[in-house]
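Peer 1: Below are the structure tokens for one structure; questions will follow.
Number of protein chains: 2
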Amino acid sequence: MPVELTPSQALGLWHAVSLEQVQVDSRDLTLRQMAILLEIYLVPPPHTVRGLAAKLGVTKPVITRALDSMGALGLVDRVRDERDRRNVIIKRTVEGALYLEKFGDLIINQGRKL
Amino acid sequence: MPVELTPSQALGLWHAVSLEQVQVDSRDLTLRQMAILLEIYLVPPPHTVRGLAAKLGVTKPVITRALDSMGALGLVDRVRDERDRRNVIIKRTVEGALYLEKFGDLIINQGRKL
DNA sequence: GCCGATCGTTACGCAAGCGTTTCTTTTGTG
DNA sequence: CACAAAAGAAACGCTTGCGTAACGATCGGC
């Protein structure tokens, strides 16, 4: 079910969403953090630090720090993997789901306004 | 010409674009910088520091610093307004237009893949 | 010509991210 | 049981962005 966009629509959508997000939410996630958050919530678990680092093409400390920040915001949670205690499983949270739900609505509404 | 998106499509699009942008481009613009850049290129000129600050709901130094960074990357340029020399007119650049053109293509391609 | 108002920048101290390197814990294999 | 390998976190020094406050340059009304 592809979505066909003109160049003007594509950039216009990104523009409107970025603008409103900046105006509305002081939690200013970096592009990397956003990519990590969406990866966690849109791709089936389990998610590990190593896996996310490989997927994004960044180093592991980048993931650790992003999880620290977003964990402090309540957007994600971390749990030790009991089957292999070296691993950490990244868990979704209610607040994170809510955050992305609102963000999705933002995109949808701005899309309609095009 | 509205664009109708399901929640899954909206977040999926943002996910794919963020992911690829992180993987491909080391120039990691913040959401604010991106919003400023798109504002400059999508809204008819002239653009001033004060105007952008008001539009984004941020302070003037935020705009000044964003213009510094993006200026160093060649994405925007600054010129004194000769009619009122207190003002600075923000100008588009070829490189900035190219950057956004590629970014737009990224959005369009990821939209098609949905 | 003055003088308050306006515009953009700079200065300051602070918080947050980065990459690299170095632990610490845990695993599994000889 | 010893020991190398692997996962994640912590430490280090550095860079960049932030908000507030102060600053020079310029304008416009009187």
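One line per chain: the protein sequences are A and B, in this order.
Mapping of the first sequence onto our numbering: position 35 corresponds to residue 35, and the numbering continues sequentially without gaps.
The number in our numbering is simply the position in the second sequence, starting from 1, with 114 added.
Backbone N, C-alpha and C define an ideal beta-carbon position, used for all residues, glycine too.
#1: Do the region 50-60 of chain A and the region 143-153 of chain B touch if we need at least three Cβ pairs shorter than 8 Å?
#2: Specify, as a first and last residue, the run of the beta strand (DSSP E) that V88 (chain A) falls within.
#3: Tell me the residue span of the alpha helix (DSSP H) that contains D182 (chain B).
#4: Thinking C-beta only, is D195 (chain B) closer than 8 Å to I203 (chain B)?
#5: Tell me whether A124 (chain B) is buried or exposed, calling it buried when 16 or more other Cβ atoms sit within 10 Å of its Cβ.
#6: Short of 7 Å in beta carbon distance, which residues of its chain neighbour V131 (chain B), apart from the five on each side in sequence? Order them along the chain.
#7: The alpha helix (DSSP H) that contains R32 (chain A), what's its start and end?
#8: Within its chain, find whatever has a CB closer than 8 Å to the CB of V58 (chain A); leave out the 5 residues flanking it on each side and keep chain order.
#9: Run through DSSP, which three-state label would V3 (chain A) get?
#10: Cβ of T93 (chain A) within 8 Å of Cβ of D68 (chain A)?
#11: How would you list, in chain order, the residues of chain B whose beta-carbon sits under 7 Å from the beta-carbon of S26 (chain A)?
#12: May I have the straight-line CA-CA distance separating E20 (chain A) from D84 (chain A), to the nearest angstrom?
Peer 2: Quick answer:
#1: no
#2: Looking up residue 88 (chain A) in the first sequence gives position 88. Its beta strand (DSSP E) spans residues V88 to R92.
#3: Numbered from its first residue, the second sequence carries residue 182 (chain B) at position 68. K174 to A186 is the extent of the alpha helix (DSSP H) around D182 (chain B).
#4: By one-based count along the second sequence, residue 203 (chain B) stands at place 89. By one-based count along the second sequence, residue 195 (chain B) stands at place 81. Taking 8 Å as the Cβ cut-off, I203 (chain B) and D195 (chain B) qualify as a contacting pair.
#5: Residue numbering aside, residue 124 (chain B) sits at position 10 when the second sequence is read from its first letter. Here A124 (chain B) is buried. Its C-beta has 16 or more other C-beta atoms within 10 Å.
#6: Counted from its first residue, the second sequence places residue 131 (chain B) at position 17. If we look at V131 (chain B) and ignore the five residues flanking it on each side, its Cβ neighbours are L220, I221 and Q224.
#7: Taking the first residue of the first sequence as 1, we reach residue 32 (chain A) at position 32. From DSSP, the alpha helix (DSSP H) with R32 (chain A) extends over L31 to L42.
#8: In the first sequence, counting from the first residue as 1, residue 58 (chain A) sits at position 58. Answer for V58 (chain A): R32, listed in chain order.
#9: Position 3 of the first sequence, counted from the first residue, corresponds to residue 3 (chain A). Reduced to three states, the DSSP call for V3 (chain A) is coil.
#10: Translated into the one-based positions of the first sequence, residue 93 (chain A) becomes position 93. Translated into the one-based positions of the first sequence, residue 68 (chain A) becomes position 68. Cβ distance not < 8 Å, so T93 (chain A) and D68 (chain A) don't count as in contact.
#11: Reading the first sequence from its first residue, position 26 is the one you call residue 26 (chain A). Per Cβ cutoff of 7 Å: no residues; S26 (chain A) is ~10 Å from chain B at best.
#12: As a first step, residue 20 (chain A) is located in the first sequence; it is residue number 20 there, counting from the start. As a first step, residue 84 (chain A) is located in the first sequence; it is residue number 84 there, counting from the start. Taking the straight line from one Cα to the other gives about 42 Å.
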